[in-house]
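*Asks:* Supplied in structure tokens, the structure appears directly below.
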Amino acid sequence: MKLTPELEKAFNAQITLEFEASMVYRQLAIEMEIHDLPGMAAWLRHQADEEIVHANKFIDHLADRGNHPKIASISGPTVTINTPLDAFTAAAKHEERVSEAIRELYRQTEAAGDLDSRPLLNWFLSEQIEEEATVNEIVARIAMTNDDGPGLLRLDEELGTRPTSTTEAN
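Here you go:
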């Protein structure tokens with residue numbers, strides 16, 4: 103069943119937000135590279151790739167239902183990063199923004215009686231809980247190091263072991 107024009111617009115906004123999230127993560131990765139923290143940079147690059155997977159899931163959902171996925175204009179991310187804590191705090195705030203957008207999309211589909219979007223949005227609701235928890239854990243661990251070099255380097259090494267994934271939807 104095709105989505106209503108209003109829901110198509112809302113899903114397209116989410117697609118754009120997912121690509122924006124990818125760009126934010128990529129910029130944060132660049133910032134960590136500049137700070138000589140290759141593990142944190144790698145973790146953030148992988149996160150950027152995962153956001154593309156998320157966008158692809160929404161694109162596939164629209165296309166499979168006979169709608170027209172569209173990516174709106176995205177301006178470059180504006181992040182001011184001086185420390186690893188700044189980077190991961192910015193990531194946490196962006197995840198909260200994405201989570202709220204998905205909850206709002208869920209509310210809109212419920213109001214429209216669009217049962218077919220439930221499985222996808224339920225997956226995203228669960229995914230966002232995990233995303234926020236993971237980033238918030240990293241924020242807390244960075245804060246615990248209190249800018250202690252050996253502690254940051256240990257965390258950097260650990261974050262660099264994150265498995266790689268593809269940008270194709272599973």
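With our numbering applied, the sequence shown corresponds to residues 103 to 272, in that order.
Beta carbons: idealized from backbone N, C-alpha and C, even for Gly.
#1: In angstroms, rounded to a whole number, what distance separates the CA positions of Asp138 and Ile154?
#2: Under a Cβ-count criterion, where at least 16 other Cβ atoms within 10 Å of its own Cβ denotes burial, should Ala245 be classed as buried or exposed?
#3: Count the other CB atoms within 10 Å of the CB of His156; is the residue buried (16 or more) or exposed (fewer)?
#4: Would you grab the beta carbon distance between Ala203 and Leu119 for me? Rounded to a whole angstrom, and I think it's under 8 angstroms.
#5: If you reduce the DSSP assignment to three classes, tell me which class Asp151 lands in.
#6: Compare the C-alpha of Ala189 against each of Phe160, Thr211, Arg209 and Val241 and name the closest.
#7: Roughly how many angstroms lie between the CA atoms of His170 and Asp258, to the nearest whole one?
#8: Express the C-alpha separation of Thr211 and Val181 in angstroms, rounding to a whole number.
#9: What distance in whole Å lies between the Cβ atoms of Met125 and Gly178, which are believed to be in contact at a cut-off of 8 angstroms?
#10: Are the CB atoms of Arg264 and Asp218 nearer to each other than 8 angstroms?
*Replies:* Taking the structure as given:
#1: 25 angstroms
#2: exposed
#3: buried
#4: 6 angstroms
#5: helix
#6: Val241
#7: 41 angstroms
#8: 32 angstroms
#9: 7 angstroms
#10: no
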